[in-house]
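S.K.:
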Amino acid sequence: MIFAASMESKRQQKFSRVLQKELAEVFQRDVSHLFNGAYVSITLVRVSPDLGVAKIYLSLLLANNQQEVLQSIKTNTKAIRHALAQRIKNQVRVIPELIFYLDDSAEYAAHMDKIISGLDIPPPSEDDDTEDEKTR
């Protein structure tokens with residue numbers, strides 16, 4: 001993922017930051033009534049080289065059903081894009097197509113943490129230490 005970020009041009013990175021900031025405002029101020037009290041946070045924005053498509057990764061807090069909220073966002077993409085356009089129309093020539101995804105990286109990290117903490121790893125025995133010293 002780090003490699004992919006470095007492959008983006010400065011222009012893409014700058015545009016991604018603008019979109020992330022402005023979409024956060026849109027979600028908090030303009031369309032928050034669409035999500036049944038869920039708090040929508042934008043964790044990542046990836047923009048195509050031509051700046052025509054933006055993939056937006058969302059983290060949903062206080063959502064009873066994340067898939068339902070995501071579906072509501074997808075259903076209202078046109079309204080969200082319009083609200084975004086009102087905010088950035090003087091900065092850009094084309095308002096990108098918006099594609100929304102759930103960012104499950106925090107969920108994945110918690111899952112991996114649970115797996116790792118559940119592993120039964122025996123402590124190294126004293127014999128292991130003396131073996132290392134003999135081989136040096």
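Heads up, the sequence shown is in the UniProt record's numbering, so the first residue is 1 and it goes up one at a time. For glycine and all other residues, C-beta sits at the position ideal for the given N, C-alpha and C. This one's a predicted model, so the numbers in the text were calculated from it and none came from an experiment.
1) Could you spell out the range, first to last residue, of the alpha helix (DSSP H) harbouring Glu97?
2) For Ala54, write down the residues that DSSP places opposite it in a beta bridge.
3) Which word fits Ser105, buried or exposed, when buried means at least 16 other C-beta atoms lie within 10 angstroms of its C-beta?
4) CA-CA distance, Asn65 and Val53?
5) For Leu60, list the residues DSSP reports as bridge partners.
6) Put Arg17 into one of helix, strand or coil per three-state DSSP.
7) How about Val40 and Leu60: are their beta carbons less than 8 angstroms apart?
8) Over the uninterrupted alpha helix (DSSP H) stretch that includes Arg87, give me the two end residues.
9) Return helix, strand or coil for Leu34, following the three-state DSSP convention.
10) To the nearest angstrom, report how far apart Pro124 and Ile42 are at their CA atoms.
11) Do the stretch 12 to 19 and the stretch 84 to 95 make contact, defined as three or more Cβ pairs closer than 8 angstroms?
12) Taking Cβ to Cβ, would you say residue 153 is nearer than 8 angstroms to Val26?
M.R.: Straight from the coordinates:
1) Taking the sequence shown and counting its residues from 1, one reaches residue 97 at position 97. Unbroken run through Glu97 is the beta strand (DSSP E), Glu97 to Leu102; no alpha helix (DSSP H).
2) Looking up residue 54 in the sequence shown gives position 54. According to DSSP, which records beta bridges pairwise, Ala54 is partnered with Val47 and Leu98.
3) As a first step, residue 105 is located in the sequence shown; it is residue number 105 there, counting from the start. That one is exposed.
4) As a working mapping, residue 65 is identified with position 65 in the sequence shown. As a working mapping, residue 53 is identified with position 53 in the sequence shown. Rounded to the nearest angstrom, the two C-alpha atoms are 27 angstroms apart.
5) Locating residue 60 in the sequence shown gives position 60, counting from the first residue. BP columns for Leu60 point to Val40.
6) To locate residue 17, count along the sequence shown from 1; it is residue 17. Arg17: helix per DSSP, three-state reduction.
7) Mapped onto the sequence shown, residue 40 falls at position 40. Mapped onto the sequence shown, residue 60 falls at position 60. A contact, by the Cβ cut-off of 8 angstroms.
8) Taking the first residue of the sequence shown as 1, we reach residue 87 at position 87. Taken as a continuous stretch (DSSP letters only), the alpha helix (DSSP H) holding Arg87 covers Thr77 to Ile88.
9) What you label residue 34 is simply residue 34 of the sequence shown in a count that begins at 1. It is helical.
10) Here the question's residue 124 lines up with position 124 in the sequence shown. Here the question's residue 42 lines up with position 42 in the sequence shown. Between Pro124 and Ile42, the C-alpha separation is close to 43 angstroms.
11) yes
12) Because the chain in this structure spans residues 1 to 136, residue 153 falls outside the shown range and cannot be described.
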